[in-house]
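First up is the structure itself, then whatever we jot down about it.
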Amino acid sequence: MNKLTSIELGRVLTVLQELIDKYKMLHELTDDVFGIDDDEFARTEQPLDVAEIIGADKAQTLIKYVQQRIRYQRILQQLEECRTVSTKTAMLKDVQSQAVEVERTFQHAASEAAAVMVQAPELYRQIMVHRAHGALPTNPPDASMTAFIEILHGLYELMETRMSMSVDEDRERGEHALEMAIREKRATSTLKQLEKELEDKQHLHTKTVDDLDDRCTKLQAQLQDVITTAATLIKNLEAKTAQDEEADAETHAQNMKQLAEDRGKLLDALAEASAANKEKELLLRKKKVRAEANVAAIIAKYDADLLVLDKKLQGLRRKFAKESAEIEVLEEKLKDLAEKKRGEELVAERAALEQKRHYWLTKRASDMFAMKIQRAWRAYKAYKAEMAALRKGKGKKGKKGKKGKKGKK
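Residue numbers (the numbering used here): 982 to 1390.
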């Protein structure tokens, strides 16, 4: 290895060591150092006077970095929640756009904070001393930051190893690295294609759920129309019953007047007519009570059917949530994809699961809507038959009463 390459590798090692030191320092800049509460960035008691150590301007730069990191963690959590539940596509895109903007601001703040920390090694030393003596709580390891620092350490060790290699070893290592890069590129391309297919399927599932919700809303509106119609029919029935009672009362009064004029001759006819009128009135009242009971039973049955359908809908939603969790498990499996063949098997398994789920959801929804419409139609037919029988019974009683009066005269 020539002198120029060694110098370049030495510079790379220097840069890597500086990056490792910077990110170690940034990892120790937590909200408790500045007394920042995670709830709306409220300031609490500050255990370490950062402004006195490095100056107010630099301290403000570090505070800005901590606040931006909290915002970035929040938007990432919100984005993850949107991906794990049934979310509208427009809402998910809006959260993704916000995440990009917050990430850009966070990166800029991190760059400025790293520059400040390099110029203020005393602050880093004071933070570590306070943590060691318990004045500051022990900083829990950040998974992403720890992983990044480990990658930098790996690169550093790789560069050190390369400086000690011969030309042949370096060339062989480069060829091996090139081959691994080609394989990784192919695997990455396959993984991106599978992720795109998975995202398309998720959008399709979201649209299906939205369509089901719309259909349920329409059916509820139709059910409300049926209830309103039933209430109107009951009101009309009560009004008609009142009119019938009033008409019967008028007929009775006329009969009483006629009987009063012929009182001496038609006392027996008067008693018979009075008894007949009382019996007819009692019969009408009984029919009215039965009709009201039938209508109340129909409404109660509608309410019970609605509760059953709601429970079934909740069951479908729980089934959907369970299968969504299974899809998440498949996503984790896809992330660990090492070879194309394994990826194809997972895609086939996922496609079979999606096909089975789509068939089951469609069949269950169709059965539920058909049962509901059929029950509503049967109830409506039963109500029509009851009303027809009621009208028919009134007609027969009226004709029989007229014939009896004519014979007596």
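Virtual Cβ for every residue (Gly too), placed ideally from N, Cα, C.
| Query | Result |
| --- | --- |
| Assigned secondary structure, E1009 (DSSP; H/G/I helix, E/B strand, else coil) | coil |
| Alpha-carbon to alpha-carbon, A1363 and L1214 | 14 Å |
| Buried or exposed (CB count within 10 angstroms, at least 16 for buried), M1072 | exposed |
| Buried or exposed (CB count within 10 angstroms, at least 16 for buried), R1338 | buried |
| Uninterrupted beta strand (DSSP E) stretches inside the segment 1237 to 1300 (no shorter than 3 residues) | none |
| 8 Å contact criterion, which I1051 and Q1079 should meet: CB distance rounded | Incorrect: roughly 15 Å between the Cβ atoms, too far for contact. |
| Continuous alpha helix (DSSP H) assignments of at least 4 residues falling wholly in the segment 1038 to 1093 | none |
| Where the alpha helix (DSSP H) containing A1113 begins and where it ends | 1102 to 1113 |
| Buried versus exposed, by CB contacts within 10 Å (16 or more), K1039 | buried |
| Cutoff 6 Å; reference M1098; Cβ partners in own chain excluding five residues on either side | M1006 |
| Rounded straight-line distance, which links the Cα of A1272 to that of N1258 | 21 Å |
| Buried or exposed (CB count within 10 angstroms, at least 16 for buried), L1264 | exposed |
| Expected contact under 8 Å - CB spacing of I1279 and A1360 to nearest Å | 5 Å |
| Residues near A1094 by beta carbon distance below 7 Å, same chain, minus five either side | L1007, L1010, T1042, L1043, Y1046 |
| Proximity to T1210 [Cα-Cα], best of E1176, E1061, V1276, C1063 | V1276 |
| Assigned exposure category for V1031 - 16 Cβ within 10 Å defines buried | buried |
| A1351 versus K1182: straight-line alpha-carbon distance, rounded | 28 Å |
| L1371 vs K1238 beta-carbon contact at 9 Å | no |
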